[in-house]
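A short write-up of the structure that comes next.
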């Protein structure tokens, strides 16, 4: 996960709001709003970045976490 907005450099906390495109360009809420939720790099839609859980879950037998 990227830790800073690619436009303004604002710190982006793992549990805080951030927006990404399908190429994982990463933006803060204010910049994403200013871009009308369109990535200025690729033109793709900006969506809320998923938040990570504090710990990985226990592996599922036969599952793949790669």
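Residue numbers (the working numbering): 27 to 92.
Heads up, the beta-carbon is just placed ideally off N, CA and C, and yes, glycines get one too.
*With hydrogens ignored, establish whether the beta-carbon of residue 53 is closer than 7 Å to any heavy atom of the ligand FMN.*
Among the components modelled here there is no ligand, and therefore nothing to report on the ligand FMN.
*What is the rounded straight-line gap between the Cα of residue 58 and the Cα of residue 77?*
17 Å
*asked:* Helix, strand or coil, according to DSSP, for residue 58 in the structure here?
replied: helix
*Between the Cα of residue 51 and those of 64, 83, 79, spot the shortest distance and give me the residue it belongs to.*
64
_Quick check on the burial criterion: 16 or more other C-beta atoms within 10 angstroms. Buried or exposed for residue 44?_
buried
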